[in-house]
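Trainee: Protein chains in written order, with UniProt numbering: chain A, 1 to 422; chain B, 1 to 422; chain C, 1 to 422; chain D, 1 to 422. Cβ coordinates follow ideal geometry from the N, Cα and C atoms, glycine included.
Protein chains: 4
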Amino acid sequence: MRGENSVVKDPALAPEGHRKIEWAAAHSPVLAAVRERYLKDGTFDGLGVGVALPVEAKTAYLAAVLAEAGARVAVAAPLPSVVQDDVAAALAERGVAVFATSEGAPEDADRWMELALEAATAGGEAVLIDDRAGLTRIAHTTRRGLLPRLRGASEETTSGVVRLRAMEREGVLELPAIAANDARCKYLFDNRYGTGQSTLAALMQSTNLMLGGKRVVVLGYGWCGKGIARYAAGLGARVTVCEVDPVRGLEAYADGFDVLPALRAAEVGEVFVTATGNRRVLGEEHFARMRDGALLANAGGVDVEIDVGWLRSAAARVREARRHVEEFVMPDGRRLRLVGGGMVVNLTAGDGHPVEIMDLTFAIQALCAYRLAREHAAMRPGVHLLPREIDDEVARLKLGAVGMGVDALTEEQRRFLAGWRE
Amino acid sequence: MRGENSVVKDPALAPEGHRKIEWAAAHSPVLAAVRERYLKDGTFDGLGVGVALPVEAKTAYLAAVLAEAGARVAVAAPLPSVVQDDVAAALAERGVAVFATSEGAPEDADRWMELALEAATAGGEAVLIDDRAGLTRIAHTTRRGLLPRLRGASEETTSGVVRLRAMEREGVLELPAIAANDARCKYLFDNRYGTGQSTLAALMQSTNLMLGGKRVVVLGYGWCGKGIARYAAGLGARVTVCEVDPVRGLEAYADGFDVLPALRAAEVGEVFVTATGNRRVLGEEHFARMRDGALLANAGGVDVEIDVGWLRSAAARVREARRHVEEFVMPDGRRLRLVGGGMVVNLTAGDGHPVEIMDLTFAIQALCAYRLAREHAAMRPGVHLLPREIDDEVARLKLGAVGMGVDALTEEQRRFLAGWRE
Amino acid sequence: MRGENSVVKDPALAPEGHRKIEWAAAHSPVLAAVRERYLKDGTFDGLGVGVALPVEAKTAYLAAVLAEAGARVAVAAPLPSVVQDDVAAALAERGVAVFATSEGAPEDADRWMELALEAATAGGEAVLIDDRAGLTRIAHTTRRGLLPRLRGASEETTSGVVRLRAMEREGVLELPAIAANDARCKYLFDNRYGTGQSTLAALMQSTNLMLGGKRVVVLGYGWCGKGIARYAAGLGARVTVCEVDPVRGLEAYADGFDVLPALRAAEVGEVFVTATGNRRVLGEEHFARMRDGALLANAGGVDVEIDVGWLRSAAARVREARRHVEEFVMPDGRRLRLVGGGMVVNLTAGDGHPVEIMDLTFAIQALCAYRLAREHAAMRPGVHLLPREIDDEVARLKLGAVGMGVDALTEEQRRFLAGWRE
Amino acid sequence: MRGENSVVKDPALAPEGHRKIEWAAAHSPVLAAVRERYLKDGTFDGLGVGVALPVEAKTAYLAAVLAEAGARVAVAAPLPSVVQDDVAAALAERGVAVFATSEGAPEDADRWMELALEAATAGGEAVLIDDRAGLTRIAHTTRRGLLPRLRGASEETTSGVVRLRAMEREGVLELPAIAANDARCKYLFDNRYGTGQSTLAALMQSTNLMLGGKRVVVLGYGWCGKGIARYAAGLGARVTVCEVDPVRGLEAYADGFDVLPALRAAEVGEVFVTATGNRRVLGEEHFARMRDGALLANAGGVDVEIDVGWLRSAAARVREARRHVEEFVMPDGRRLRLVGGGMVVNLTAGDGHPVEIMDLTFAIQALCAYRLAREHAAMRPGVHLLPREIDDEVARLKLGAVGMGVDALTEEQRRFLAGWRE
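1) For A/Ser6, count the other beta carbons within 10 Å of its own beta carbon; 16 or more makes it buried, fewer makes it exposed. Which is it?
2) Measuring alpha carbon to alpha carbon, tell me which residue in B/Gln197, B/Trp223, B/Asp130 and B/Ile21 is nearest B/Leu211.
3) Return the chain-ordered list of same chain residues with a C-beta closer than 7 Å to the C-beta of C/Met379, the five sequence neighbours on each side being excluded.
4) Whose C-alpha, out of A/Arg264, A/Leu372, A/Arg396 and A/Glu22, is nearest the C-alpha of A/Val386?
5) According to DSSP, is B/Asp258 part of a helix, a strand, or is it coil?
6) Find out if the Cβ-Cβ distance for the pair D/Asn191, D/Gly249 is shorter than 8 Å.
7) Among B/Pro354, B/Val302 and B/Val402, which has the Cα closest to the Cα of B/Ala133?
8) Counting only C-beta atoms, is B/His384 closer than 8 Å to chain A at any point?
9) Does any CB atom of chain B fall closer than 8 Å to the CB of C/Arg144?
10) Candidates B/Glu170, B/Val55, B/Val217 and B/Ile364: which alpha carbon is nearest B/Thr348's?
11) A/Ala109: which of A/Asp131, A/Val96, A/Val127 and A/Glu93 sits nearest, CA to CA?
12) May I have the straight-line CA-CA distance separating C/Ser343 from C/Glu284, to the nearest angstrom?
13) At the level of alpha carbons, what is the spacing between D/Thr101 and D/Val8?
14) Using a Cβ-Cβ cutoff of 7 Å, what residues of the segment 201–216 of chain A are near chain D? List them in chain order.
15) Where do the N-terminal and C-terminal ends of the beta strand (DSSP E) with A/Leu199 fall, by residue?
16) Helix, strand or coil: how does DSSP classify D/Met343 here?
17) Flag C/Met330 as yes if its beta-carbon sits less than 8 Å from any beta-carbon of chain G, otherwise no.
18) So is D/Gly171 in contact with chain C if we call contact Cβ pairs under 8 Å?
19) Taking only the alpha-carbon atoms, compute the straight-line gap between C/Val394 and C/Arg184 and give it to the nearest angstrom.
20) Give, in chain order, every residue of the segment 146–180 of chain D whose Cβ lies closer than 7 Å to some Cβ of chain A.
21) Which stretch, first to last residue, makes up the alpha helix (DSSP H) that contains D/Phe272?
22) Decide yes or no for the touch test of the segment 9–25 of chain B against the segment 66–81 of chain A: beta carbon pairs closer than 8 Å, at least 3 of them.
23) Going by DSSP in three states, D/Met1 sits in which element: helix, strand or coil?
24) By the 10 Å Cβ neighbour count, where 16 or more other Cβ atoms means buried, how is B/Val172 classified, buried or exposed?
25) For B/Ser154 versus B/Gln365, is the C-beta distance shorter than 8 Å?
26) Exposed or buried, what is B/Met1 when buried is set at 16 or more other beta-carbons lying within 10 Å of its beta-carbon?
27) With a CB to CB cut of under 6 Å and the five nearest residues on each side skipped, what residues in its chain are close to D/Val304?
28) Is there a Cβ of chain A sitting closer than 8 Å to that of D/Asp391, yes or no?
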């Protein structure tokens with residue numbers, strides 16, 4: 001059994017993991033429909049699939065669906081902090097090669113991704129489903145020998161797409177990569193509603209604090225930031241937005257939020273949530289201005305948004321104030337409280353995105369992998385978008401699953417849109 | 001040490017309990033101010049205080065504050081399902097008599113309340129801080145002998161006030177009881193925002209499901225229901241309200257919600273949350289109409305809103321689908337999923353109300369107990385309201401703690417309000 | 001024809017007035033149902049009804065319904081600024097005695113109310129439907145001789161009820177007066193949603209300015225203020241609330257609004273809306289702190305909330321900047337712009353409350369008048385509440401009209417609420 | 001004086017028109033800043049500018065700013081229904097050639113646009129600021145002789161851009177045309193917030209009906225539809241969305257709205273607002289299913305979304321029920337009520353977009369015209385986008401005007417975004 005070489009914490013945890021995966025399966029009608037309509041056609045028979053994703057129920061269900069479709073699936077966690085050990089164990093038991101244990105060190109992740117790349121390509125060619133371009137980076141650096149076996153990669157995160165585009169600009173990207181993140185069914189829902197709900201749920205659950213009335217500062221008003229700001233306001237918070245893009249800033253203003261430079265926001269905020277995909281968005285100069293008791297959390301795809309290193313070195317004292325909440329006592333007595341260690345908070349201090357969101361996202365991912373598997377030969381190396389029809393079909397499947405639906409243009413309307421003479 | 005006779009699961013759990021209590025203390029500026037201004041004046045020296053409340057960090061902090069103020073405090077859990085054992089252990093270690101273990105049976109609760117009544121009155125007179133009138137009921141039935149030692153009770157819940165008024169109507173209430181629940185600082189915040197946020201947080205955390213787009217049916221549009229409906233809408237849900245009071249129903253309609261009789265709502269809902277304080281709000285006839293996969297939870301103060309007994313007896317199969325989620329497979333194959341066992345979901349599947357809400361509520365409770373302790377002699381048996389000044393002061397303390405404030409009427413304005421000639 | 005003695009601007013305007021009244025009638029299913037079920041029983045045959053209300057389509061429809069039911073109706077406008085002359089003409093043409101022209105001076109209003117009192121009582125006894133206790137005040141001062149003919153008054157406004165209670169406290173109220181304003185179907189809808197929507201609609205229409213992003217200061221967080229704040233936020237405004245009641249202030253805070261003393265709010269606001277029912281809520285000291293371009297409007301029932309007299313005397317220049325908008329240029333160059341003259345803005349610069357809201361309110365008013373007409377003999381002088389059943393029926397009629405409905409308590413539930421033993 | 005050849009209703013109306021233009025000027029800080037920084041550099045000296053836009057205060061202010069900058073400006077109304085005669089008169093008085101009177105027939109518009117094209121090019125070259133590509137269409141059909149004098153066109157509307165792209169696809173577009181509509185500062189604010197607020201304000205003002213609780217059907221969930229739906233929900237409406245794009249439909253679902261095919265929505269709606277930019281979105285088959293009393297309005301850029309012709313021919317009776325509201329009595333007795341004649345409702349039954357929105361939009365338009373004037377030689381015929389820097393600057397100017405601001409990326413952050421190696 002392939003799962004046997006897996007690196008997991010404890011195979012005995014599998015039963016609880018299976019139960020979690022079943023829950024995800026029960027709430028994933030779209031991926032189920034994709035499986036029925038596409039994945040069963042033999043495309044994946046014997047093909048490798050390397051997956052770098054947080055290891056929890058929903059990703060596990062994607063891996064399981066691909067494995068059922070005939071693929072040799074290898075999964076690596078991009079960070080130990082995003083591994084649920086019971087799910088990892090269950091996945092290994094289902095014959096997936098798993099390299100993921102919460103007890104690892106952050107630097108183990110590269111090794112796991114190397115192992116996953118090797119496992120996925122051990123029997124022949126493979127496609128990748130990637131997170132922050134981790135597997136792709138390794139295939140272009142320490143495991144270049146495996147590159148010829150890779151048909152392409154599908155990228156899950158905004159940060160990963162930024163990196164892939166940087167690689168493309170530098171002329172070093174040797175694979176076709178689909179920016180699955182840029183599928184409308186992905187970023188409109190996953191980044192916005194998924195991150196929005198799960199980030200706030202993680203904050204509420206970790207702190208047991210009230211959001212109503214709180215001054216919540218959202219750094220970054222991209223899709224993630226928009227979702228967080230909207231739901232925070234929906235829960236009664238008073239929201240301040242920080243941005244570097246003036247049009248997005250103006251959008252936040254028209255949405256009813258205060259829009260302030262981060263240094264000024266630092267003085268008024270009670271809760272700070274970063275969602276920029278950039279580094280050191282909150283650093284020494286911001287911490288210096290914050291009030292006693294300020295809460296900090298990162299909801300972005302990279303774990304360098306909050307300068308935790310500085311906090312740790314500058315604090316007079318650090319203690320765990322609550323599960324998932326570290327308290328840094330500054331030399332001047334102010335206490336800053338970090339939720340989820342500065343890593344993506346809905347995974348490290350929560351259960352990740354809601355199942356239904358991941359159902360959409362992973363339906364897209366499965367179709368990206370399917371497309372790469374079948375059409376890689378015709379795709380140039382570089383970043384590709386998913387064809388619109390596929391996006392539309394995923395949306396249509398979902399609307400159907402909730403009993404709703406859209407119209408089609410009439411022929412008369414189609415002609416009207418194409419015409420320009422009165 | 002008085003805590004020695006306590007009934008708790010495991011004293012070794014105390015350190016984690018202390019940490020939780022400290023977190024509550026750190027976010028309770030109002031109760032801290034009440035302690036400084038009132039409780040330290042000797043009123044509680046040697047006085048007993050019997051407390052029936054869920055045993056978690058915030059109630060524990062109230063008990064601790066009263067104990068510090070000199071009271072002999074005895075705490076009983078009104079149900080085993082609302083006991084956090086680590087907090088119970090920490091409280092016992094702080095010298096409070098605690099009768100609360102999560103391993104008890106529901107029927108143990110009456111016994112615990114009897115023990116708490118005895119402990120509170122062992123050294124003399126006592127006041128009660130009560131939940132659903134539990135201690136008061138026992139003092140009027142199986143422990144009538146202790147009645148003469150009781151200066152009065154302060155009641156925390158809507159359901160409890162309903163009972164106290166029923167007792168008053170029947171002419172059997174022999175104590176002065178303050179309807180602390182009816183303090184504006186209580187019901188406007190605790191019932192609405194507290195129940196609202198914590199119920200939805202518990203649902204999201206227990207199910208990892210998305211609220212956006214879901215059809216959420218809220219049964220009862222009192223303060224609790226209003227809070228749940230508002231926040232559910234704030235998180236993108238489509239809300240349907242069921243009511244028996246037509247004016248409240250009309251209010252829900254004007255708030256943008258569908259208002260339907262429960263039997264019709266049963267057909268459209270995906271999530272059902274009861275918040276009526278009444279019994280069998282969801283029963284056989286509703287279950288029969290629900291869709292496969294419907295989620296059920298109770299946010300009301302009584303645990304008979306959902307007819308769990310019928311579900312259990314009628315189901316072909318019952319299993320735990322997820323922590324805190326039981327799945328009932330009906331004979332026709334539909335699966336109904338119950339979150340939190342039908343008991344108040346934010347306690348049984350969550351961490352209870354947000355700390356800041358309980359800070360308000362327990363500031364009120366402390367002042368009610370204080371008032372009963374000092375003025376009981378002048379208060380007739382029956383249900384009393386808290387004087388408005390105290391309500392106002394609690395609100396003023398809270399606004400000050402968040403850097404906000406209100407105005408006072410000018411003399412000219414006061415005259416204007418008092419006048420009627422142009 | 002009784003309308004012949006009317007004081008109206010121009011009878012030739014009647015056709016447009018009739019059209020407006022028909023529009024109101026077409027959207028008033030509740031008042032229509034009340035007419036069918038109650039008013040046709042002869043109670044009003046030959047009885048006088050004195051009405052003091054803004055003269056626009058919806059009040060006119062109420063007057064018309066009462067006239068149709070057999071009453072001798074006399075209507076006076078409480079202010080010239082709240083008179084629509086076409087509606088006044090149409091009403092006169094329908095046989096109602098009307099004393100209302102937009103060309104009058106404010107001081108004419110007392111005279112109109114005297115005339116209306118006389119006309120209503122000319123043929124015998126009468127009941128009053130009153131606005132800010134105007135008719136009642138006159139009946140207790142300059143027309144005391146008519147008091148014996150008055151069966152009672154029903155009061156429409158919050159400010160009026162405040163005055164009636166002041167009169168009751170002073171022991172000078174000689175009528176039974178029903179606080180129709182305190183009917184739940186009145187204040188929950190009329191004060192909140194009616195004032196909320198129509199105030200913002202009037203502001204948008206008068207200024208053509210955007211609300212999204214604007215800092216809107218709402219002075220007073222009673223039902224009117226709550227409605228204004230909620231809808232302003234719903235349109236994207238950033239809302240600051242000023243209050244004198246700390247609990248209401250705290251409510252505004254938990255609703256996500258800033259809560260500031262009025263002097264601090266004066267510095268940050270771009271739009272100020274008063275809704276306190278009190279006088280000089282915005283005066284010299286606030287004007288001094290406001291920014292150039294600040295907009296001022298009053299949504300409260302009294303027209304002394306904004307100290308317009310001071311503005312007028314202190315301004316270097318005053319001009320009409322737009323229809324319904326006066327611009328006061330301060331000596332320091334700042335321009336303050338007053339919408340609707342400081343009188344209730346949704347009437348002076350808009351079309352008043354939405355029809356459906358007035359349908360509810362006037363269904364209540366009609367039932368209050370009906371009750372006073374029939375049961376006055378048994379009612380002591382003083383302020384009375386409308387019995388709850390009537391409130392409930394109005395709500396039930398409205399819910400039915402929009403295809404919604406509520407449940408009734410089961411017998412089992414009724415018993416449960418009445419019991420206190422487990 | 002050039003305005004002398006103008007076609008306007010009555011020059012005597014100019015004073016009121018000037019007052020309206022001044023109001024717009026007072027609330028247009030961004031266009032004022034653009035004028036100071038760019039337009040004064042002589043670029044427009046003697047250059048023609050042909051403008052096709054609704055003639056009301058804000059467009060007039062744009063025309064006046066361009067005229068002040070030295071341009072020979074000629075304005076034509078694209079429809080008589082979008083002309084405010086006082087503003088037209090004032091504009092003519094300021095030396096702009098104006099071809100616009102509310103008393104014209106719809107078919108006059110083409111003639112006006114021809115006249116404006118001629119006037120703008122009479123003295124040499126010109127640029128166009130266009131609405132639904134009207135001037136551009138005429139320059140490519142009945143006035144092809146003027147084409148060589150045109151440096152380019154800037155297009156204001158979504159529908160116009162659709163047409164320009166159709167022309168480009170057919171290979172017949174001979175001008176460089178800037179899709180000003182696709183500037184982020186345009187569509188994010190104008191289409192969404194501008195259309196959103198002004199459409200609902202027009203509906204409230206025209207009907208005096210309440211939105212809270214109403215079932216509002218929004219057809220089209222593009223930027224316009226999103227704004228309408230959001231604000232309708234913000235005012236308490238229950239919103240149903242109809243779409244042809246499944247991803248947008250899914251977005252509406254996640255936003256908490258019902259998403260239904262238009263035929264099903266026709267049965268449940270009380271208010272219907274079209275915002276698709278397409279034709280016959282509501283036609284015979286929808287009208288047949290609507291309830292008595294349904295309100296219909298069009299908020300889209302084309303006036304064929306609602307099949308008014310069919311309504312008119314099929315109705316048993318048509319009357320004006322209220323200003324701006326026509327009532328069509330169907331043979332079966334149902335009454336359908338059309339607001340604003342099926343033309344864009346915020347203009348025909350309201351005052352157009354809020355001033356601040358048009359300030360942004362016209363700052364963009366002025367910069368587009370400026371760019372065409374200077375760089376046309378380097379621009380190929382076809383549809384162009386506005387460079388991002390200009391978009392950003394307009395947003396930055398606006399944020400500055402409201403006292404807010406954004407950050408800039410640090411050098412470290414810029415490097416981070418450009419890098420892909422860990």
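Mentor: Well, looking at it:
1) Per the 10 Å Cβ criterion, buried.
2) That would be B/Gln197, whose Cα lies nearest to the Cα of B/Leu211.
3) Same-chain partners within the cutoff: Gly152 and Pro176.
4) According to the sequence displayed, residue 386 of chain A carries Leu and not Val. Answer by Cα proximity: A/Leu372.
5) Strand, per DSSP.
6) Taking 8 Å as the Cβ cut-off, D/Asn191 and D/Gly249 do not qualify as a contacting pair.
7) With respect to the C-alpha of B/Ala133, the residue from B/Pro354, B/Val302 and B/Val402 having the closest C-alpha is B/Val302.
8) Judged by the 8 Å Cβ criterion, B/His384 is not in contact with chain A.
9) It does not; no Cβ of chain B falls within 8 Å.
10) Distances from the alpha-carbon of B/Thr348 to those of B/Glu170, B/Val55, B/Val217 and B/Ile364 put B/Val55 closest.
11) The shortest C-alpha separation from A/Ala109 is found at A/Asp131.
12) Here residue 343 of chain C turns out to be Met, not Ser, going by the sequence shown. If I take the Cα positions, the gap works out to 18 Å.
13) Using only the alpha carbons, I get a separation of about 5 Å.
14) If the cut-off is 7 Å between Cβ atoms, the segment 201–216 of chain A has nothing near chain D.
15) The sequence as given places Thr at residue 199 of chain A; Leu does not occur at that position. Boundaries around A/Thr199 are those of the alpha helix (DSSP H), Thr195 to Thr207, since no beta strand (DSSP E) includes it.
16) D/Met343: strand per DSSP, three-state reduction.
17) Any reference to chain G falls outside this structure, whose protein chains are A, B, C and D.
18) So no, D/Gly171 is outside the interface.
19) If you draw a straight line from the Cα of C/Val394 to the Cα of C/Arg184, it comes to about 10 Å.
20) Those would be Val162, Arg163, Ala166 and Met167, in chain order.
21) In the DSSP annotation of this structure, D/Phe272 is not part of any alpha helix (DSSP H); the continuous beta strand (DSSP E) holding it starts and ends at Val271 to Thr274.
22) Judged by Cβ distances under 8 Å, the segment 9–25 of chain B makes no contact with the segment 66–81 of chain A, as fewer than three pairs qualify.
23) Only weak support exists for where D/Met1 lies, its pLDDT of 40 falling under 50; the value from the coordinates is given anyway. In this structure, D/Met1 counts as coil in the three-state DSSP scheme.
24) With fewer than 16 Cβ atoms within 10 Å of its Cβ, B/Val172 is classed as exposed.
25) Contact: yes.
26) Unreliable positioning characterises B/Met1 in this predicted model, as indicated by a pLDDT of 40, which lies under 50. A coordinate reading is not provided.
27) Correct list, in chain order: Arg279.
28) It does; some Cβ of chain A falls within 8 Å.
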